[in-house]
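Structure first, then comments.
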Amino acid sequence: LRQCVADHSSCGTRNHGVKLPSRLLELHSNAIRLREACEVSRNMKYATLSHCWGPRGVEAKLTKELLEDFRANIRPESLPRTFQDAISITRRLGLAYLWIDSLCIIQDDPVDWEKESISMSEVYGNSWVNIAASWAKDCSEGCLYRSNPKIDRFQVEVKAWQDRQVRLQTLEVIPANMVLNSISMSVLSDRGWVLQERLLSPRTLHFTKAQIFWECNTLLGCESFPNGVPACTTVSDIHIVKNNLSEQWHRIITKYTRCNLTQRRDVLVAMSGIIKRLQEQRQDICVAGIWRQDPEMQLLWMRSPSDVQKARYLYTAPTWSWASSQGPIQQQE
1 LRQCVADHSS CGTRNHGVKL PSRLLELHSN AIRLREACEV SRNMKYATLS
51 HCWGPRGVEA KLTKELLEDF RANIRPESLP RTFQDAISIT RRLGLAYLWI
101 DSLCIIQDDP VDWEKESISM SEVYGNSWVN IAASWAKDCS EGCLYRSNPK
151 IDRFQVEVKA WQDRQVRLQT LEVIPANMVL NSISMSVLSD RGWVLQERLL
201 SPRTLHFTKA QIFWECNTLL GCESFPNGVP ACTTVSDIHI VKNNLSEQWH
251 RIITKYTRCN LTQRRDVLVA MSGIIKRLQE QRQDICVAGI WRQDPEMQLL
301 WMRSPSDVQK ARYLYTAPTW SWASSQGPIQ QQE
């Protein structure tokens, strides 16, 4: 984290006085309190959490009735394990503020939810680091596991071409799909909202069952390879496009349509952060998921042949938009 902030120019560091989320969890000492943005210094660093709600949802959530209670005090033991782990991680990183969706957005206030959901570009984009509970199916499982960054090492005789001498050399063996299996195939990566959280965050710590992975615009590393995973490993499309969102829109939506959304009506809302970021970069307008400047190629999409189209219960977008499909799509390159 220190190296990224100091040396990674492509990751960028926040300008002073950036827009903070409307609410943040304050983690000073042993107390946890909900704070409004106006109560927090605009230069304050904060972490965010990416997690799965799970089929039963989240019991610990902010409501209109609990707003004043949360401002006074939030008992740590009342929070699910993933939230407790995220609080511990945030404190260990030396940060005093944390953003968690269910605790910082008023869940029974449609107006607040709509206002906050379209601000995800700033919430995640301005965060210092994003904590990803990659393998927790719901918020009760937690994200801290016993680390096991195993690397098999063995010695073989290798002939050096320069002096034609045979000598012993130690080789390290790792699965070529180590990153794919740990991050891209994780439970969390199947969630639709998480795609923009991963793409918008300048830095993400992926907590997996085997080890912790670090991902920023410059470096993809892990406990086994803190200076970067070897070039021979297979990384996901998402890491490749992370630093070039504008040119990779088709890859982003192809991946996105393979993710799951609890509420189908959120199909465009869950991409609003990326769309907002790209509108600023491209100086363009996005209409129902299609960019106005070059619509022709974007309209050349089709449902994935392997997908069985579900009955359409809810209007989400015009039929010419990929957002109207309920399953995976393919695009003409």
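Heads up, the sequence shown is in the UniProt record's numbering, so the first residue is 1 and it goes up one at a time. The beta carbon of each residue, even a glycine, is placed where N, CA and C say it ideally should be. Since this is a predicted model, take the numbers as computed values, not measurements.
Indicate the three-state DSSP secondary structure (helix, strand or coil) for residue i in the structure shown.
i	result
tyrosine 315	coil
isoleucine 212	strand
cysteine 286	strand
isoleucine 89	helix
tryptophan 291	strand
alanine 323	helix
glutamate 68	helix
threonine 82	helix
valine 166	strand
serine 182	helix
arginine 191	strand
Would you give the residue range spanned by the beta strand (DSSP E) that residue i belongs to?
i	result
methionine 302	301–303
glycine 57	Where glycine 57 is concerned, there is no enclosing beta strand (DSSP E), given that its DSSP letter is neither H nor E.
arginine 221	The sequence as given places glycine at residue 221; arginine does not occur at that position. Its beta strand (DSSP E) spans residues 220–222.
leucine 98	97–99
isoleucine 264	The sequence shown places arginine at residue 264, rather than the isoleucine named in the question. It is not in any beta strand (DSSP E) - arginine 264 carries neither H nor E in the DSSP assignment.
phenylalanine 207	203–207
Are the Cβ atoms of residue i and residue j separated by less than 9 Å?
i	j	result
isoleucine 183	serine 127	no
serine 50	alanine 132	yes
isoleucine 290	leucine 195	no
cysteine 4	cysteine 216	yes
proline 80	isoleucine 32	no
threonine 90	alanine 136	no
alanine 6	methionine 44	no
residue 335	valine 129	The structure shown does not extend to residue 335, since the chain is modelled only from 1 through 333, so no value can be given for it.
glycine 192	valine 267	yes
arginine 258	threonine 316	no
methionine 297	glutamine 330	no
Which first and last residues belong to the alpha helix (DSSP H) in which residue i is found?
i	result
serine 272	272–282
residue 352	Nothing can be reported for residue 352: it is not among the residues displayed for the chain, which extend from 1 to 333.
isoleucine 252	249–256
residue 334	No statement about residue 334 is possible, as the shown extent of the chain runs from 1 to 333 and does not include it.
By a C-beta neighbour count over all protein chains shown, 10 Å radius and 16 as the cutoff for buried, is residue i buried or exposed?
i	result
isoleucine 105	buried
glycine 94	exposed
methionine 120	buried
serine 189	buried
alanine 86	buried
methionine 271	buried
proline 21	buried
aspartate 101	buried
histidine 206	buried
leucine 168	exposed
### Query
Along the chain, which unbroken stretches of the beta strand (DSSP E) at least 3 residues long are found entirely within the stretch 101–147?
129–133
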